[in-house]
Amino acid sequence: MNHSGVACDKKTASFEVVKDRNGIDQVVLQNSRGASARVSLHGGQVLSWKTDHGEELLFISSKAIFKPPTPVRGGIPICFPQFGKRGSLEQHGFARNKIWVMDDHPPPLQPSDSSGKSFIDLLLKPSEDDLRIWPHGEVRIEGLETLDYLDNLCEKKRFTEQGDALTFESEVDRVYLGSSDTVAIFDHERKRTFLIQKEGLPDVVVWNPWEKKSKSMTDFGDEEYRQMLCVDGAAIEKPITLKPGEEWTGRLELSYVPSS
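Numbering of the sequence shown is given in this note's numbering, commencing with residue 3 and proceeding in unit increments.
So this is what it looks like as structure tokens:
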């Protein structure tokens, strides 16, 4: 997980690391005009956002408890991997109760209006305890955004993909329609990226049986859904029909590159 702020110009903007009364690091960011923000490494939580006139824009309760593992009441918390009790974990998940770290080598961030602004990139690195209670690898697919898909779990009804990228927290069995010729699979946990480049195959099948279906399949290990992801080029919505003498070529190229 990556929690980013805004872009930085070190000549006119700054950030400072300070400690709160319990010894937890907080990052104070200030832009060139004097506006500021304060982010605690406990939960990666934004605790303060002030204008250049010193006006506080965020609410923090006067009775907030700043001592872990109790999260701070107010500010901007990170609720992950669930909101409220909508899941099997603690209220709002574990991310807001963990200590985050600063990224020493953040990815480049160059918005057009970056001059005079300050930023910090924070990372939440999974522990063995985290993986035991939420053993999901950080895998996402890009290249399927805004596409219509047929959901085989909903009687092949047609839906539109709403997310910026496809991630996995439950069973998925879909056919994405009319995709571009390049689809990328990012495996952050193992620091690798797979690229799928295709020709003559307009659709993409995405499948993972997840926990319940895995246990019902006689030729599939109960826990193997954590180790696999099916992403394949296909021609499903519009069957390919050839007249006598016509030819059709379907091509799929897979490539692998290490990634940071």
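Idealized CB from N, CA, C, for every residue including glycine.
Each residue's CA atom was taken as its position, placing Ser42 and Ala186 some 33 Å apart. Here Ile143 is buried: its Cβ has 16 or more other Cβ atoms, across all protein chains shown, within 10 Å.
When secondary structure is reduced to three states using DSSP, Trp212 falls in the helix class. For Val259, the enclosing beta strand (DSSP E) starts and ends at 253-260.
With distances taken between CA atoms, Ser90 lies nearest to Arg134 out of Gly76, Arg134, Asp22, Leu126. Proximity to Gly252 across Ile122, Val206, Ala97 peaks at Val206, based on C-alpha coordinates.
Residue environment analysis places Lys245 among the exposed positions, since fewer than 16 neighbouring C-beta atoms fall within 10 angstroms of its C-beta.
For Ser64, there is no enclosing beta strand (DSSP E), as DSSP marks it with neither H nor E.
The region 148-162 makes contact with the region 174-184, as at least three CB pairs between them are under 8 Å. In this structure, DSSP gives Asp131 a helical state, which the three-state scheme calls helix.
Checking the DSSP bridge columns, you'll see Trp51 partnered with Ala39.
One alpha carbon belongs to Trp212, the other to Leu203, and they sit about 26 Å apart.
In the structure shown, the three-state DSSP call for Cys232 is strand. Spatial neighbours of Gln199 in its own chain (CB-CB distance under 7 Å, excluding positions within 5 residues in sequence) are listed in chain order as Asp183, Thr184, Glu255. By the C-beta density criterion, Pro71 is exposed, having fewer than 16 other C-beta atoms within 10 angstroms. In the assembly as shown, Tyr227 is a buried residue. Its beta-carbon has 16 or more other beta-carbons within 10 Å. Contact check for Val103 against Lys127 passes: the beta carbons are separated by less than 8 Å.
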